[in-house]
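Residue numbers (the working numbering): 11 to 108.
Spelled out as structure tokens, the structure:
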């Protein structure tokens with residue numbers, strides 16, 4: 011895996027109340043990832059970008075909802091999330107400030 015591919019795997023962190031509780035209690039962080047990314051690529055991307063040791067990666071595919079806009083039918087895009095558990099004592103800081 012080249013470095014360029016690993017930079018495109020993680021799209022953004024999911025910042026919500028549920029993900030904040032998971033980060034505090036069980037050292038799990040949630041990311042939106044590319045739809046064609048596998049667990050090994052996600053693990054290497056997190057280790058490279060945040061310099062932490064990843065213990066486990068779980069991946070969830072989420073189907074987009076079908077919505078109505080008046081008489082027109084529309085569909086939200088499908089997404090893919092990765093729940094990443096890191097080793098105890100390590101942390102990921104999304105703020106990035108000192």
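Where is the CB? At the ideal position from N, CA and C, for every residue including glycine.
None of these values were measured; they are calculated from a predicted model.
Item	Value
Nearest to residue 29 by alpha carbon, out of 14, 91, 84?	91
So, are the CB atoms of residue 53 and residue 64 less than 8 Å apart?	yes
In whole angstroms, what separates the C-alpha of residue 104 from that of residue 55?	15 Å
At which residues does the alpha helix (DSSP H) containing residue 56 begin and terminate?	49-60
Would you say residue 88 and residue 45 are within 8 Å of each other, going by their C-beta atoms?	yes
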